[in-house]
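*Asks:* Residue numbers for the sequence shown follow UniProt numbering, beginning at 1 and rising by one.
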Amino acid sequence: MAPLPENPNANDAAVGLNEPEMEPSSLDNAIKTERPTFPCADDNPALQSLYAQVWRRLGLFLSLFPFVIVTTTHVLLALLSALAVAAYVVVGHAVPLLVQVYVALLVCYFSYRAVMPHAGESTWLHDLARHTYTDFPYFQFQKTIFEEHGPNVDPRKPLVDADAKSVFAFHPHGIVSCGWLVNGTHCHHFAKSNAEWLVTDNLFWFPIVRDLLKWTGFGPVSRRNFVRLLDQARNICLIPGGFEEATIFERGKHRVFIKNRMGFIKLALQYGYKVHPVYTFGEELTYHSFHYFLKLRILLNQFKVPAVLFQGSRWAFFMPKSDVNLVTVVGKPIQLPTIANPTRDDVKKYHDMYIAALTDLFERNKLQYAQDPSATLEVF
(Lines of atoms letter the chains of each structure in order from A and count residues from 1; the text may use other names and numbers.)
(Lines give C-alpha, C1' and ligand atoms only; values in the text may rest on other atoms or scores of the structure.)
Protein backbone atom coordinates (compact mmCIF):
# COMPACT_ATOMS: atom_id res chain seq x y z
CA MET A 1 0.00 0.00 0.00
CA ALA A 2 1.39 3.36 -1.02
CA PRO A 3 2.07 5.88 1.77
CA LEU A 4 -0.47 8.62 2.24
CA PRO A 5 0.63 12.27 2.28
CA GLU A 6 0.90 13.74 5.73
CA ASN A 7 0.42 17.35 6.73
CA PRO A 8 2.86 17.86 9.59
CA ASN A 9 0.99 20.93 10.80
CA ALA A 10 -2.55 19.61 10.84
CA ASN A 11 -4.59 17.25 12.92
CA ASP A 12 -8.28 16.44 13.06
CA ALA A 13 -9.14 19.58 14.95
CA ALA A 14 -6.84 21.82 12.92
CA VAL A 15 -8.51 21.23 9.58
CA GLY A 16 -11.64 22.98 10.79
CA LEU A 17 -13.98 20.03 10.18
CA ASN A 18 -14.60 19.04 13.80
CA GLU A 19 -16.62 21.10 16.23
CA PRO A 20 -16.77 20.80 20.02
CA GLU A 21 -18.98 18.02 21.33
CA MET A 22 -22.46 19.10 22.39
CA GLU A 23 -25.03 17.58 24.68
CA PRO A 24 -27.87 15.84 22.75
CA SER A 25 -30.48 18.36 23.88
CA SER A 26 -28.25 21.28 22.86
CA LEU A 27 -27.51 19.59 19.55
CA ASP A 28 -31.20 19.15 18.80
CA ASN A 29 -31.86 22.83 19.47
CA ALA A 30 -28.89 23.89 17.32
CA ILE A 31 -30.08 21.87 14.36
CA LYS A 32 -33.61 23.25 14.56
CA THR A 33 -33.13 26.87 15.50
CA GLU A 34 -29.54 28.07 15.25
CA ARG A 35 -27.47 29.03 12.23
CA PRO A 36 -23.93 27.68 12.80
CA THR A 37 -20.74 29.61 12.23
CA PHE A 38 -18.63 27.73 9.69
CA PRO A 39 -14.89 27.51 10.42
CA CYS A 40 -13.02 28.71 7.32
CA ALA A 41 -10.19 26.52 6.05
CA ASP A 42 -8.61 29.59 4.43
CA ASP A 43 -8.06 31.06 7.91
CA ASN A 44 -6.63 27.89 9.41
CA PRO A 45 -2.89 28.41 10.20
CA ALA A 46 -2.21 24.70 9.71
CA LEU A 47 -3.32 24.98 6.08
CA GLN A 48 -1.26 28.04 5.10
CA SER A 49 2.00 26.27 4.22
CA LEU A 50 2.93 25.77 0.56
CA TYR A 51 2.67 22.01 1.10
CA ALA A 52 -0.91 22.29 2.36
CA GLN A 53 -1.93 24.79 -0.33
CA VAL A 54 -0.68 22.46 -3.07
CA TRP A 55 -2.51 19.44 -1.67
CA ARG A 56 -5.73 21.42 -1.17
CA ARG A 57 -5.88 22.10 -4.90
CA LEU A 58 -4.18 19.02 -6.28
CA GLY A 59 -6.66 16.48 -4.92
CA LEU A 60 -9.75 17.87 -6.63
CA PHE A 61 -7.75 18.88 -9.72
CA LEU A 62 -6.65 15.28 -10.28
CA SER A 63 -10.24 14.12 -9.79
CA LEU A 64 -11.80 16.56 -12.27
CA PHE A 65 -9.09 16.85 -14.92
CA PRO A 66 -9.69 13.39 -16.46
CA PHE A 67 -13.46 13.84 -16.59
CA VAL A 68 -13.44 17.30 -18.17
CA ILE A 69 -10.22 17.62 -20.16
CA VAL A 70 -9.43 14.01 -21.07
CA THR A 71 -13.04 13.27 -22.02
CA THR A 72 -13.24 16.42 -24.17
CA THR A 73 -9.94 15.51 -25.84
CA HIS A 74 -11.23 12.03 -26.64
CA VAL A 75 -14.41 13.44 -28.17
CA LEU A 76 -12.49 15.91 -30.35
CA LEU A 77 -10.02 13.25 -31.50
CA ALA A 78 -12.86 10.85 -32.26
CA LEU A 79 -14.59 13.50 -34.40
CA LEU A 80 -11.33 14.31 -36.17
CA SER A 81 -10.74 10.62 -36.82
CA ALA A 82 -14.22 10.16 -38.27
CA LEU A 83 -13.76 13.13 -40.60
CA ALA A 84 -10.29 11.95 -41.65
CA VAL A 85 -11.53 8.45 -42.46
CA ALA A 86 -14.48 9.88 -44.41
CA ALA A 87 -12.10 12.12 -46.40
CA TYR A 88 -9.88 9.11 -47.13
CA VAL A 89 -12.80 7.00 -48.35
CA VAL A 90 -14.48 9.72 -50.43
CA VAL A 91 -11.61 11.68 -51.98
CA GLY A 92 -8.51 9.68 -51.07
CA HIS A 93 -6.92 12.20 -48.70
CA ALA A 94 -4.17 10.75 -46.55
CA VAL A 95 -5.11 10.07 -42.93
CA PRO A 96 -3.17 12.47 -40.64
CA LEU A 97 -0.47 10.95 -38.46
CA LEU A 98 -2.26 12.16 -35.32
CA VAL A 99 -5.33 10.14 -36.24
CA GLN A 100 -3.26 7.06 -37.05
CA VAL A 101 -1.52 7.24 -33.67
CA TYR A 102 -4.80 7.82 -31.82
CA VAL A 103 -6.54 4.87 -33.46
CA ALA A 104 -3.51 2.64 -32.87
CA LEU A 105 -3.48 3.56 -29.17
CA LEU A 106 -7.20 2.81 -28.90
CA VAL A 107 -6.69 -0.61 -30.47
CA CYS A 108 -3.82 -1.35 -28.08
CA TYR A 109 -5.79 -0.21 -25.05
CA PHE A 110 -8.98 -2.15 -25.76
CA SER A 111 -7.00 -5.23 -26.79
CA TYR A 112 -5.16 -5.09 -23.46
CA ARG A 113 -8.38 -4.66 -21.51
CA ALA A 114 -9.96 -7.60 -23.37
CA VAL A 115 -7.16 -9.82 -22.08
CA MET A 116 -6.59 -8.10 -18.70
CA PRO A 117 -9.93 -6.88 -17.31
CA HIS A 118 -10.09 -4.54 -14.34
CA ALA A 119 -9.50 -6.09 -10.93
CA GLY A 120 -11.95 -3.64 -9.36
CA GLU A 121 -11.61 -0.86 -6.81
CA SER A 122 -8.12 0.18 -5.74
CA THR A 123 -8.30 0.44 -1.94
CA TRP A 124 -5.11 2.44 -1.55
CA LEU A 125 -6.12 4.98 -4.22
CA HIS A 126 -9.54 5.50 -2.68
CA ASP A 127 -8.00 5.83 0.80
CA LEU A 128 -5.55 8.40 -0.57
CA ALA A 129 -8.42 10.45 -1.98
CA ARG A 130 -10.37 10.31 1.28
CA HIS A 131 -7.32 11.30 3.30
CA THR A 132 -6.53 14.22 0.97
CA TYR A 133 -10.08 15.59 0.88
CA THR A 134 -10.39 15.40 4.68
CA ASP A 135 -7.02 16.81 5.74
CA PHE A 136 -6.63 19.29 2.86
CA PRO A 137 -10.15 20.59 2.11
CA TYR A 138 -10.52 22.38 -1.21
CA PHE A 139 -13.55 24.40 -0.15
CA GLN A 140 -13.48 26.94 2.66
CA PHE A 141 -15.81 24.57 4.52
CA GLN A 142 -16.97 21.09 3.55
CA LYS A 143 -18.84 18.56 5.61
CA THR A 144 -21.18 15.58 5.35
CA ILE A 145 -23.97 15.42 7.92
CA PHE A 146 -26.15 12.36 8.51
CA GLU A 147 -29.41 13.43 10.12
CA GLU A 148 -29.50 10.15 12.03
CA HIS A 149 -26.16 10.97 13.70
CA GLY A 150 -26.07 14.77 13.88
CA PRO A 151 -23.32 17.19 12.79
CA ASN A 152 -20.73 16.49 15.50
CA VAL A 153 -19.32 13.19 14.29
CA ASP A 154 -15.64 12.39 13.73
CA PRO A 155 -15.14 13.04 9.97
CA ARG A 156 -13.15 9.79 9.74
CA LYS A 157 -15.83 7.60 11.30
CA PRO A 158 -17.62 5.19 8.89
CA LEU A 159 -21.39 5.55 9.28
CA VAL A 160 -22.82 3.28 6.58
CA ASP A 161 -22.78 -0.48 7.08
CA ALA A 162 -22.06 -2.72 4.10
CA ASP A 163 -25.33 -4.61 4.64
CA ALA A 164 -27.55 -1.51 4.94
CA LYS A 165 -29.37 -2.26 1.63
CA SER A 166 -29.71 1.44 0.92
CA VAL A 167 -29.91 3.72 -2.09
CA PHE A 168 -28.39 7.16 -1.52
CA ALA A 169 -29.85 9.63 -4.03
CA PHE A 170 -27.72 12.79 -4.26
CA HIS A 171 -29.01 16.22 -5.32
CA PRO A 172 -28.35 18.53 -6.99
CA HIS A 173 -26.05 17.37 -9.78
CA GLY A 174 -24.62 20.84 -10.24
CA ILE A 175 -21.95 21.22 -12.92
CA VAL A 176 -19.46 18.57 -11.80
CA SER A 177 -21.23 17.22 -8.68
CA CYS A 178 -18.90 18.61 -6.02
CA GLY A 179 -21.02 17.42 -3.11
CA TRP A 180 -21.24 13.91 -4.55
CA LEU A 181 -17.49 13.78 -5.10
CA VAL A 182 -16.08 15.58 -2.05
CA ASN A 183 -18.72 14.80 0.58
CA GLY A 184 -19.81 11.47 -0.84
CA THR A 185 -17.49 9.30 -2.89
CA HIS A 186 -14.36 10.34 -1.03
CA CYS A 187 -15.93 10.83 2.41
CA HIS A 188 -14.83 8.57 5.27
CA HIS A 189 -18.44 8.15 6.40
CA PHE A 190 -18.98 5.91 3.33
CA ALA A 191 -15.64 4.09 3.64
CA LYS A 192 -17.15 0.80 4.91
CA SER A 193 -20.36 0.98 2.89
CA ASN A 194 -19.27 -1.32 0.04
CA ALA A 195 -21.28 1.05 -2.14
CA GLU A 196 -20.93 1.46 -5.87
CA TRP A 197 -21.14 5.03 -7.12
CA LEU A 198 -23.13 5.11 -10.35
CA VAL A 199 -22.39 7.57 -13.15
CA THR A 200 -23.46 7.90 -16.78
CA ASP A 201 -22.44 5.02 -19.04
CA ASN A 202 -20.82 7.48 -21.46
CA LEU A 203 -17.82 8.00 -19.20
CA PHE A 204 -16.89 4.33 -19.51
CA TRP A 205 -16.32 4.75 -23.24
CA PHE A 206 -13.08 6.63 -22.69
CA PRO A 207 -9.68 5.09 -21.88
CA ILE A 208 -7.98 6.44 -18.74
CA VAL A 209 -11.31 7.86 -17.54
CA ARG A 210 -12.87 4.40 -17.25
CA ASP A 211 -9.79 3.11 -15.42
CA LEU A 212 -9.93 5.90 -12.85
CA LEU A 213 -13.65 5.34 -12.38
CA LYS A 214 -13.26 1.63 -11.70
CA TRP A 215 -10.28 2.15 -9.40
CA THR A 216 -12.27 4.56 -7.20
CA GLY A 217 -15.50 2.56 -6.87
CA PHE A 218 -17.63 3.94 -9.70
CA GLY A 219 -19.89 1.93 -11.99
CA PRO A 220 -22.29 2.59 -14.90
CA VAL A 221 -25.83 3.65 -14.03
CA SER A 222 -27.37 1.21 -16.51
CA ARG A 223 -30.40 -0.85 -15.45
CA ARG A 224 -28.39 -4.04 -15.87
CA ASN A 225 -25.69 -2.89 -13.45
CA PHE A 226 -28.26 -1.48 -11.02
CA VAL A 227 -30.05 -4.84 -10.85
CA ARG A 228 -26.74 -6.68 -10.45
CA LEU A 229 -25.95 -4.57 -7.38
CA LEU A 230 -29.43 -5.11 -5.95
CA ASP A 231 -29.04 -8.88 -6.42
CA GLN A 232 -25.80 -8.65 -4.42
CA ALA A 233 -27.50 -6.56 -1.68
CA ARG A 234 -24.92 -3.80 -2.26
CA ASN A 235 -25.44 -0.19 -1.26
CA ILE A 236 -25.95 2.12 -4.22
CA CYS A 237 -25.20 5.83 -4.61
CA LEU A 238 -26.44 7.78 -7.62
CA ILE A 239 -27.49 11.20 -8.89
CA PRO A 240 -31.05 10.71 -10.21
CA GLY A 241 -31.14 14.14 -11.89
CA GLY A 242 -28.38 13.22 -14.35
CA PHE A 243 -27.49 15.44 -17.31
CA GLU A 244 -30.78 17.31 -17.04
CA GLU A 245 -30.05 18.44 -13.50
CA ALA A 246 -26.69 19.77 -14.69
CA THR A 247 -28.40 21.53 -17.59
CA ILE A 248 -30.92 23.38 -15.40
CA PHE A 249 -28.10 24.62 -13.13
CA GLU A 250 -28.14 28.36 -12.52
CA ARG A 251 -25.87 29.99 -9.98
CA GLY A 252 -27.63 30.77 -6.72
CA LYS A 253 -30.72 28.66 -7.45
CA HIS A 254 -31.67 25.36 -5.83
CA ARG A 255 -32.98 23.10 -8.59
CA VAL A 256 -33.56 19.36 -8.90
CA PHE A 257 -34.73 17.32 -11.89
CA ILE A 258 -36.72 14.47 -10.38
CA LYS A 259 -40.41 14.57 -11.39
CA ASN A 260 -40.03 11.91 -14.09
CA ARG A 261 -37.13 9.96 -12.56
CA MET A 262 -38.99 6.94 -11.19
CA GLY A 263 -36.78 4.06 -12.30
CA PHE A 264 -34.64 3.91 -9.17
CA ILE A 265 -37.76 3.92 -6.97
CA LYS A 266 -39.29 1.03 -8.93
CA LEU A 267 -36.14 -1.08 -8.61
CA ALA A 268 -35.77 -0.22 -4.91
CA LEU A 269 -39.37 -1.36 -4.38
CA GLN A 270 -38.69 -4.70 -6.05
CA TYR A 271 -35.89 -5.39 -3.57
CA GLY A 272 -37.29 -3.70 -0.47
CA TYR A 273 -34.44 -1.21 -0.16
CA LYS A 274 -34.20 1.93 1.95
CA VAL A 275 -33.84 5.22 0.04
CA HIS A 276 -32.02 8.22 1.51
CA PRO A 277 -32.60 11.67 -0.02
CA VAL A 278 -29.30 13.58 0.02
CA TYR A 279 -28.96 17.32 -0.60
CA THR A 280 -25.83 19.46 -0.92
CA PHE A 281 -26.08 23.11 0.11
CA GLY A 282 -23.46 25.25 -1.63
CA GLU A 283 -23.48 23.25 -4.87
CA GLU A 284 -25.44 26.09 -6.44
CA LEU A 285 -22.52 28.49 -5.84
CA THR A 286 -19.66 26.46 -7.29
CA TYR A 287 -19.82 27.75 -10.90
CA HIS A 288 -21.20 30.39 -13.22
CA SER A 289 -23.06 28.93 -16.18
CA PHE A 290 -24.80 29.76 -19.44
CA HIS A 291 -28.47 29.30 -18.57
CA TYR A 292 -30.26 30.35 -21.75
CA PHE A 293 -31.99 28.15 -24.39
CA LEU A 294 -32.96 25.72 -21.65
CA LYS A 295 -35.52 23.75 -23.69
CA LEU A 296 -33.01 23.17 -26.50
CA ARG A 297 -30.34 22.03 -24.07
CA ILE A 298 -32.77 19.68 -22.31
CA LEU A 299 -33.55 18.21 -25.75
CA LEU A 300 -29.85 17.58 -26.36
CA ASN A 301 -29.71 15.71 -23.05
CA GLN A 302 -31.99 13.05 -24.55
CA PHE A 303 -29.06 12.12 -26.80
CA LYS A 304 -26.74 11.97 -23.76
CA VAL A 305 -25.11 15.27 -24.69
CA PRO A 306 -24.17 17.33 -21.58
CA ALA A 307 -25.36 20.72 -22.84
CA VAL A 308 -23.63 22.97 -20.31
CA LEU A 309 -21.21 25.88 -20.60
CA PHE A 310 -19.59 26.97 -17.38
CA GLN A 311 -16.80 28.87 -15.67
CA GLY A 312 -15.46 28.18 -12.21
CA SER A 313 -12.11 29.15 -10.78
CA ARG A 314 -10.04 31.84 -12.52
CA TRP A 315 -6.94 29.61 -12.61
CA ALA A 316 -8.72 26.59 -14.16
CA PHE A 317 -12.19 26.97 -15.63
CA PHE A 318 -13.25 23.41 -14.76
CA MET A 319 -12.35 23.80 -11.08
CA PRO A 320 -15.15 25.05 -8.80
CA LYS A 321 -14.96 28.24 -6.81
CA SER A 322 -13.39 27.44 -3.46
CA ASP A 323 -15.02 30.21 -1.38
CA VAL A 324 -18.06 28.02 -0.74
CA ASN A 325 -19.53 26.31 2.32
CA LEU A 326 -20.29 22.87 0.89
CA VAL A 327 -22.57 20.97 3.28
CA THR A 328 -24.11 17.65 2.25
CA VAL A 329 -27.02 16.47 4.38
CA VAL A 330 -27.98 12.79 4.24
CA GLY A 331 -31.65 12.46 5.14
CA LYS A 332 -33.24 9.73 7.18
CA PRO A 333 -34.15 6.65 5.14
CA ILE A 334 -37.48 5.89 3.56
CA GLN A 335 -38.01 2.16 4.09
CA LEU A 336 -39.75 0.81 1.00
CA PRO A 337 -41.82 -2.37 1.09
CA THR A 338 -40.86 -5.32 -1.10
CA ILE A 339 -43.18 -5.42 -4.11
CA ALA A 340 -41.97 -7.88 -6.74
CA ASN A 341 -44.11 -6.37 -9.49
CA PRO A 342 -45.03 -2.82 -8.50
CA THR A 343 -47.81 -1.18 -10.47
CA ARG A 344 -47.51 2.28 -11.94
CA ASP A 345 -49.58 3.57 -9.03
CA ASP A 346 -47.24 1.87 -6.54
CA VAL A 347 -44.22 3.51 -8.12
CA LYS A 348 -45.90 6.92 -8.26
CA LYS A 349 -46.98 6.66 -4.62
CA TYR A 350 -43.47 6.04 -3.33
CA HIS A 351 -41.88 8.43 -5.83
CA ASP A 352 -44.18 11.18 -4.53
CA MET A 353 -43.17 10.16 -1.02
CA TYR A 354 -39.51 10.52 -2.02
CA ILE A 355 -40.02 14.00 -3.51
CA ALA A 356 -41.85 15.06 -0.34
CA ALA A 357 -38.99 13.72 1.80
CA LEU A 358 -36.40 15.52 -0.35
CA THR A 359 -38.33 18.79 -0.16
CA ASP A 360 -38.73 18.39 3.59
CA LEU A 361 -35.00 17.69 3.94
CA PHE A 362 -34.26 20.93 2.10
CA GLU A 363 -36.73 23.01 4.10
CA ARG A 364 -35.62 21.50 7.39
CA ASN A 365 -31.96 22.35 6.83
CA LYS A 366 -31.88 25.51 4.71
CA LEU A 367 -31.92 27.82 7.73
CA GLN A 368 -28.68 26.24 8.91
CA TYR A 369 -26.78 25.53 5.70
CA ALA A 370 -28.12 27.53 2.73
CA GLN A 371 -26.42 30.83 1.94
CA ASP A 372 -29.90 32.27 1.50
CA PRO A 373 -32.07 30.96 4.38
CA SER A 374 -35.21 32.00 2.48
CA ALA A 375 -34.30 29.96 -0.61
CA THR A 376 -36.87 27.70 -2.26
CA LEU A 377 -36.33 24.34 -3.94
CA GLU A 378 -37.42 24.26 -7.59
CA VAL A 379 -38.53 20.78 -8.65
CA PHE A 380 -38.37 20.07 -12.40
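Positions of the beta carbon are idealized from the N, C-alpha and C atoms, including for glycine.
Values in this document were obtained by computation on a predicted structure and should not be read as measured data.
What first and last residue would you give for the beta strand (DSSP E) that runs through Thr-144?
*Replies:* Thr-144 -> beta strand (DSSP E) spans 141 to 146.
*Asks:* Can you look up Ala-233 in the DSSP assignment and give me helix, strand or coil?
*Replies:* Of the three classes helix, strand and coil, the one that applies to Ala-233 here is coil, per DSSP.
*Asks:* If you follow the beta strand (DSSP E) that Thr-280 is in, where does it begin and where does it stop?
*Replies:* Taken as a continuous stretch (DSSP letters only), the beta strand (DSSP E) holding Thr-280 covers 274 to 281.
*Asks:* Verify whether the separation of the beta carbon atoms of Ala-233 and Lys-192 is less than 8 Å.
*Replies:* Cβ atoms of Ala-233 and Lys-192: not closer than 8 Å.
*Asks:* Hey, how far is the Cα of Val-68 from the Cα of Asp-127?
*Replies:* Those two C-alpha atoms are separated by around 23 Å.
*Asks:* Can you give the beta carbon distance from Tyr-279 to Leu-336, rounded, assuming they're within the 8 Å contact cut?
*Replies:* So it is not a contact: roughly 19 Å between Cβ atoms.
*Asks:* Phe-218 and Val-199: beta carbons closer than 8 Å?
*Replies:* Yes, the pair counts as a contact, with Cβ atoms nearer than the cut-off.
*Asks:* Three-state secondary structure (DSSP) at His-186?
*Replies:* Note: His-186 maps to coil in three-state DSSP.
*Asks:* Provide the residue(s) that pair with Ser-81 in DSSP beta bridges, ordered along the chain.
*Replies:* Answer by DSSP bridge pairing: none, since Ser-81 is not bridged.
*Asks:* List the endpoints of the continuous alpha helix (DSSP H) containing Glu-244.
*Replies:* Start and end: 242 to 247.
*Asks:* What are the boundary residues of the beta strand (DSSP E) that includes Ala-129?
*Replies:* Looking at the DSSP string, Ala-129 is not in any beta strand (DSSP E); the run it does join, the alpha helix (DSSP H), is 123 to 135.
*Asks:* Short check: CB of Leu-77 to CB of Tyr-102, under 8 Å?
*Replies:* Yes, the Cβ-Cβ distance between Leu-77 and Tyr-102 is below 8 Å.
*Asks:* Mapping DSSP to helix, strand and coil, what is Leu-361?
*Replies:* Three-state result, Leu-361: helix.
*Asks:* Measure how close the beta-carbons of Phe-281 and Ala-370 come, nearest whole angstrom, since I'm counting them as under 8 Å.
*Replies:* Indeed, because the Cβ distance is near 5 Å, the residues count as touching under 8 Å.
*Asks:* Tell whether a beta-carbon distance below 8 Å holds between residue 386 and Thr-216.
*Replies:* Only positions 1 to 380 of the chain appear in this structure, which leaves residue 386 out of reach.
*Asks:* How close, in whole Å, do the beta carbons of Leu-367 and Gly-331 come, if the pair is a contact with beta carbons under 8 Å?
*Replies:* With a Cβ gap of about 16 Å, Leu-367 and Gly-331 do not count as contacting.
*Asks:* Which residues does DSSP pair with Gly-219 in a beta bridge?
*Replies:* Gly-219 is bridged to Leu-198.
*Asks:* Report the rounded CA-to-CA distance for Gly-174 versus Thr-247, giving the unit in angstroms.
*Replies:* Answer to the nearest angstrom: the Cα atoms are 8 Å apart.
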